[in-house]
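Below is one structure; the comments refer to it alone.
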Amino acid sequence: MSNFQKMNIMKKLLFLLLSVFTLQVAQADNDKPITFDKLPAKAQTFIKQNFPTEKVAFTKMEKGFLDTSYDVVFVNGNGVEFDKNGEWTELDCKRSSVPTKAVPAQITKFVKESHPNATILKLERDRYTYEVKLSNFWEIKFDKQFNVIDMDMDD
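Under mature numbering (1 follows the signal peptide of the UniProt record, and there is no 0), the letters of the sequence shown match residues -28 to -1, 1 to 127, in that order.
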């Protein structure tokens, strides 16, 4: 096989890979409005238990390249994000505070002791950390054992 043929094959392969990647990226940003009853059961239960008086403005499913997530936004602007299994990943309560029973007890205790006049406005979690945003502009990051690993003033 000549160098010319090898280069031609390489170009075709590269073009094919680029085309597949472009198609995947184009499909990755696929937001779709859904009804509340289309959320995973665990997410529905969480909303009913922690936000019983909130009215849902809209619910959507976001299909990403490798993952699916769900967003629930309430009429007052507060919102909750869930992963594909219905586990919450973000509680964003701009107009109120995150419901106490949704916050791990260790985080509630730390905030009450260290920032007694502050409320939790936002709580995010991923595989490794929890991040809390307080009404007094402090941001606190905890590891999964609830040890403080970072604190920052966001002004």
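Backbone N, C-alpha and C define an ideal beta-carbon position, used for all residues, glycine too.
Compute the minimum distance between the beta carbon of Lys105 and the heavy atoms of the ligand NAD, and state whether it is under 6 Å.
In terms of ligand content, the structure shown is empty, and the ligand NAD therefore cannot be addressed.
Excluding the 5 residues flanking residue 128 on each side, which residues of the same chain have their C-beta closer than 7 Å to its C-beta?
This structure cannot speak to residue 128, because the chain is shown only from -28 to 127.
Look up Asp126 in the DSSP assignment and say whether it is helix, strand or coil.
Along the sequence shown, one-based indexing puts residue 126 at 154. In this structure, Asp126 counts as coil in the three-state DSSP scheme.
Report yes if the CB atom of Lys20 is closer than 7 Å to the CB atom of Asp64, and no otherwise.
Within the sequence shown, residue 20 is the residue found at index 48, counting from 1. Within the sequence shown, residue 64 is the residue found at index 92, counting from 1. No; because the gap between Cβ atoms is not below 7 Å, this pair is not in contact.
For Lys105, count neighbouring C-beta atoms within 10 Å of its own C-beta (all shown protein chains included) and say buried if the count is 16 or more, exposed if not.
Counted from its first residue, the sequence shown places residue 105 at position 133. Per the 10 Å Cβ criterion, buried.
In three-state terms, what does DSSP make of Asp39?
Translated into the one-based positions of the sequence shown, residue 39 becomes position 67. It is coil, neither helix nor strand.
Note the first and the last residue of the continuous alpha helix (DSSP H) segment covering Thr101.
Within the sequence shown, the letter at position 129 stands for residue 101. Looking at the DSSP string, Thr101 is not in any alpha helix (DSSP H); the run it does join, the beta strand (DSSP E), is Thr101 to Leu106.
Assigned exposure category for Leu11 - 16 Cβ within 10 Å defines buried
The sequence position of residue 11 within the sequence shown is 39, counting from 1. So Leu11 counts as buried.
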